[in-house]
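Here the sequence shown stands for residues 789 to 873, where the numbers follow this note's numbering.
We treat Cβ as the ideally placed atom computed from N, Cα and C, and that holds for glycine.
Presented below is the structure to which this report refers.
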Amino acid sequence: EQLNVAFDDFGVNFLDTAEMYPVPTKAETQGATDRTVARWLKDRKREDVILASKVTGWSDNVTWLPKRNGGGARVTRQQIRDSVE
789 EQLNVAFDDF GVNFLDTAEM YPVPTKAETQ GATDRTVARW LKDRKREDVI LASKVTGWSD
849 NVTWLPKRNG GGARVTRQQI RDSVE
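Here is the structure:
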């Protein structure tokens, strides 16, 4: 509802998200924001929304991100692609 009001009533057109939202990130909640945004975007014209995202930086401690196979987060081409898919 908040996104609808922002975009429909106040002219917002830019949405910033990240692989590590919501904060604080846990394995159980990682990706929840992306799934929520994806559901919201299904009812929108994609050309009306500027969507920005960020990937997790280098970390040996974050081993539970999808498609990392238990390894730490790296800023590789493949991990960036996996993050925004």
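Sequence-distant Cβ neighbours of D804 in its own chain, meaning closer than 6 Å and more than five residues away, are A840. In the three-state reduction of the DSSP assignment, F798 falls in the coil class, being assigned neither a helical nor a strand state. Rounded to whole angstroms, the separation of the alpha carbons of D836 and R862 is 32 Å.
The residue among N792, E807, N801 with its C-alpha nearest the C-alpha of G845 is E807. In the three-state reduction of the DSSP assignment, D804 falls in the strand class. Counting only residues of its own chain and dropping the five nearest sequence neighbours on each side, R832 has a CB closer than 8 Å to the CB of F795.
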